[in-house]
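Have a look at the structure below before the remarks.
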Amino acid sequence: TLTEANLCGAILTEANLCGATLTEADLIAATLTEANLQDATLTKANLCKAILTEANLFNATLTEADLRGATLTKANLEWATLTKADLRGATLTEANLGEATLTKANLDLATLTEVNLRSATLTEASLHEATLTKADLIGATLTEANLRKATLTKASLYGATLTKADLCGAIMTKADLCGAIMTEANLQ
Numbered sequence: 012t013l014t015e016a017n018l019c020g021a022i023l024t025e026a027n028l029c030g031a032t033l034t035e036a037d038l039i040a041a042t043l044t045e046a047n048l049q050d051a052t053l054t055k056a057n058l059c060k061a062i063l064t065e066a067n068l069f070n071a072t073l074t075e076a077d078l079r080g081a082t083l084t085k086a087n088l089e090w091a092t093l094t095k096a097d098l099r100g101a102t103l104t105e106a107n108l109g110e111a112t113l114t115k116a117n118l119d120l121a122t123l124t125e126v127n128l129r130s131a132t133l134t135e136a137s138l139h140e141a142t143l144t145k146a147d148l149i150g151a152t153l154t155e156a157n158l159r160k161a162t163l164t165k166a167s168l169y170g171a172t173l174t175k176a177d178l179c180g181a182i183m184t185k186a187d188l189c190g191a192i193m194t195e196a197n198l199q
């Protein structure tokens with residue numbers, strides 16, 4: 012295991028860390044481009060400003076991980092657990108977060124352009140001023156999510172659950188809300 016390992020600034024491009032335990036590891040500004048982190052445990056890991064472009068994080072556990080300012084462009088986070096993860100200012104352009112759990116995650120100011128969040132759970136997540144242009148949120152659960160001033164231009168929210176979600180000031184130009192459940196959602 013690599014629990015509490017200091018890998019700050021490490022170059023781990025294409026590294027095979029499948030199933031690795033990196034709980035509370037320090038990976039600040041580490042380069043994990045195309046790394047295989049499938050089924051890895053990164054609970055409370057510090058990945059602030061880490062580069063995870065095209066990394067495989069399928070079914071990885073990133074509960075309470077610090078991913079502020081991290082680059083996860085085209086990363087595979089399908090079925091990943093990011094409960095209470097801090098992704099403020101992170102870049103997740105074209106990332107795959109299908110079926111991922113982001114309950115109470117902080118994605119304020121994050122860039123999620125063309126991201127796949129199909130059937131993802133974002134209950135009580137904060138996406139204040141996040142960019143979700145052309146995002147796929149089909150069937151996603153956004154109950155009590157904070158989407159204040161978020162950009163959802165051309166986003167697909169078909170069948171999404173937005174019960175009690177805060178969409179105050181959100182930009183939803185050409186967004187598809189067909190079949191979306193918006194009970195008690197704040198649209199003012």
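Residues in the sequence shown are numbered from 12 upward in steps of one, following the numbering used here. Glycine residues also receive a C-beta, built at the ideal position from the N, C-alpha and C atoms.
**Q.** Selection from 100, 137, 76 and 22 that minimises the alpha carbon distance to residue 84
**A.** 100
Q. In or out: residue 15 buried (at least 16 other Cβ within 10 Å) or exposed?
A. exposed
Q.
Output needed for residue 91: all residues of its chain with C-beta closer than 8 Å, excluding positions within five of it in sequence on either side, in chain order.
A. 68, 69, 70, 71, 72, 73, 108, 111 and 112
Q) Are there 16 or more other CB atoms within 10 angstroms of the CB of residue 132, so buried, or fewer, so exposed? A) buried
Q | Option in 115, 163, 141 and 171 with minimal Cα separation from residue 129 | A | 171
Q.
Suppose the cutoff is 7 Å on Cβ atoms and the five residues either side in sequence are ignored; what does the same chain contact list for residue 137 look like?
A. 117, 118, 119 and 157
Q. Considering only the beta carbon of each residue, do residue 77 and residue 47 sit closer than 8 Å?
A. no
Q.
Strictly by DSSP, which residues pair up with residue 177?
A. 157 and 197
Q: State buried or exposed for residue 25, treating a residue as buried only when at least 16 other CB atoms are found within 10 Å of its CB.
A: exposed
Q) By how many angstroms is the C-alpha of residue 44 removed from the C-alpha of residue 86? A) 9 Å
Q.
Less than 8 Å between the beta carbons of residue 105 and residue 89, yes or no?
A. no
Q: Please classify residue 49: is it buried, with 16 or more other beta-carbons within 10 angstroms of its beta-carbon, or exposed?
A: buried
**Q.** Selection from 159, 53 and 121 that minimises the alpha carbon distance to residue 81
**A.** 121
**Q.** Identified DSSP bridge partners for residue 42
**A.** 22 and 62
Q.
In this structure, how does DSSP classify residue 84 when only helix, strand and coil are distinguished?
A. coil
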